[in-house]
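This report refers to the structure that appears directly beneath it.
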Amino acid sequence: MKEENEKIVLLDENGKEHVFKNPFKFSIEDREYVALISDENEEDVYILKIDYDENGKMVLANIEDKSEFDDAVAVYEAITEDMV
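Quick note, in this note's numbering, the sequence shown goes up one by one and the last residue is 1178.
Here is the structure:
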(Lines of atoms letter the chains of each structure in order from A and count residues from 1; the text may use other names and numbers.)
(Lines give C-alpha, C1' and ligand atoms only; values in the text may rest on other atoms or scores of the structure.)
Protein backbone atom coordinates (compact mmCIF):
# COMPACT_ATOMS: atom_id res chain seq x y z
CA MET A 1 0.00 0.00 0.00
CA LYS A 2 1.40 3.39 -0.91
CA GLU A 3 1.77 6.27 1.50
CA GLU A 4 -0.82 9.04 1.39
CA ASN A 5 1.79 11.78 1.02
CA GLU A 6 3.72 10.31 -1.92
CA LYS A 7 4.76 13.01 -4.41
CA ILE A 8 6.23 13.14 -7.88
CA VAL A 9 7.91 16.11 -9.59
CA LEU A 10 7.79 16.56 -13.37
CA LEU A 11 9.41 19.19 -15.57
CA ASP A 12 7.40 20.84 -18.33
CA GLU A 13 8.80 21.84 -21.73
CA ASN A 14 10.04 25.14 -20.22
CA GLY A 15 11.89 23.43 -17.38
CA LYS A 16 9.34 24.48 -14.74
CA GLU A 17 8.74 21.98 -11.94
CA HIS A 18 5.22 20.74 -11.24
CA VAL A 19 4.48 18.75 -8.11
CA PHE A 20 1.82 16.05 -8.06
CA LYS A 21 0.63 14.06 -5.09
CA ASN A 22 -0.54 10.50 -4.59
CA PRO A 23 0.15 9.12 -8.08
CA PHE A 24 -2.45 6.47 -8.90
CA LYS A 25 -1.40 3.70 -11.28
CA PHE A 26 -3.95 1.62 -13.21
CA SER A 27 -4.10 -0.68 -16.23
CA ILE A 28 -6.34 -1.27 -19.21
CA GLU A 29 -5.59 -4.63 -20.78
CA ASP A 30 -1.80 -4.56 -21.37
CA ARG A 31 -1.41 -0.76 -21.14
CA GLU A 32 -0.42 1.09 -17.98
CA TYR A 33 -1.41 4.61 -16.95
CA VAL A 34 -0.88 6.95 -14.04
CA ALA A 35 -3.22 9.65 -12.77
CA LEU A 36 -1.44 12.61 -11.20
CA ILE A 37 -3.22 15.09 -8.92
CA SER A 38 -1.78 18.60 -8.90
CA ASP A 39 -0.32 19.64 -5.55
CA GLU A 40 -1.48 23.21 -6.25
CA ASN A 41 -5.08 22.43 -7.23
CA GLU A 42 -6.61 19.07 -6.32
CA GLU A 43 -9.19 19.43 -9.10
CA ASP A 44 -6.42 19.21 -11.72
CA VAL A 45 -5.87 15.55 -12.59
CA TYR A 46 -3.53 14.51 -15.40
CA ILE A 47 -3.64 11.02 -16.90
CA LEU A 48 -0.45 9.89 -18.60
CA LYS A 49 0.60 6.70 -20.32
CA ILE A 50 3.44 4.67 -18.84
CA ASP A 51 5.99 3.60 -21.44
CA TYR A 52 9.47 2.15 -21.14
CA ASP A 53 12.59 3.31 -22.94
CA GLU A 54 15.15 1.05 -24.60
CA ASN A 55 16.84 0.51 -21.21
CA GLY A 56 13.61 -0.55 -19.55
CA LYS A 57 13.32 2.69 -17.60
CA MET A 58 9.78 3.94 -17.02
CA VAL A 59 8.82 7.15 -18.84
CA LEU A 60 5.54 9.06 -18.77
CA ALA A 61 3.98 10.18 -22.04
CA ASN A 62 0.95 12.11 -23.16
CA ILE A 63 -1.86 9.99 -24.56
CA GLU A 64 -2.04 11.10 -28.20
CA ASP A 65 -4.95 8.93 -29.34
CA LYS A 66 -8.32 10.48 -28.35
CA SER A 67 -10.06 7.12 -28.09
CA GLU A 68 -7.33 5.74 -25.84
CA PHE A 69 -7.45 8.90 -23.70
CA ASP A 70 -11.25 8.69 -23.38
CA ASP A 71 -10.93 5.04 -22.31
CA ALA A 72 -8.31 5.91 -19.69
CA VAL A 73 -10.45 8.73 -18.28
CA ALA A 74 -13.52 6.47 -18.12
CA VAL A 75 -11.62 3.74 -16.26
CA TYR A 76 -10.04 6.26 -13.86
CA GLU A 77 -13.44 7.81 -13.11
CA ALA A 78 -15.02 4.38 -12.54
CA ILE A 79 -12.23 3.34 -10.16
CA THR A 80 -12.24 6.58 -8.17
CA GLU A 81 -16.04 6.62 -8.00
CA ASP A 82 -15.88 3.25 -6.25
CA MET A 83 -13.39 4.68 -3.75
CA VAL A 84 -15.75 7.37 -2.48
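Every residue, glycine too, gets a C-beta built ideally from N, C-alpha and C.
From the DSSP output, which residues share a beta bridge with residue i?
i: residue 1111; result: 1105
i: residue 1058; result: There is simply no residue 1058 to check, as the chain begins at 1095 and stops at 1178 in what is shown.
i: residue 1129; result: 1118 and 1141
Beta carbon of residue i, beta carbon of residue j: below 9 Å?
i: residue 1144; j: residue 1126; result: yes
i: residue 1153; j: residue 1159; result: no
i: residue 1114; j: residue 1170; result: no
Applying the criterion that 16 or more other CB atoms from any shown protein chain within 10 Å of the CB defines a buried residue, is residue i buried or exposed?
i: residue 1130; result: buried
i: residue 1142; result: buried
i: residue 1172; result: exposed
What residue from the options has the CA that sits closest to residue i's CA?
i: residue 1116; options: 1159, 1139 and 1106; result: 1139
i: residue 1165; options: 1135, 1122 and 1100; result: 1122
i: residue 1106; options: 1176, 1156, 1175 and 1161; result: 1156
i: residue 1132; options: 1177, 1111 and 1162; result: 1111
Starting from residue i and walking both ways along the beta strand (DSSP E), at which residues does that stretch end?
i: residue 1123; result: Unbroken run through residue 1123: none, as it is neither H nor E.
Along the alpha helix (DSSP H) that carries residue i, what are the first and last residues, could you check?
i: residue 1173; result: 1160-1177
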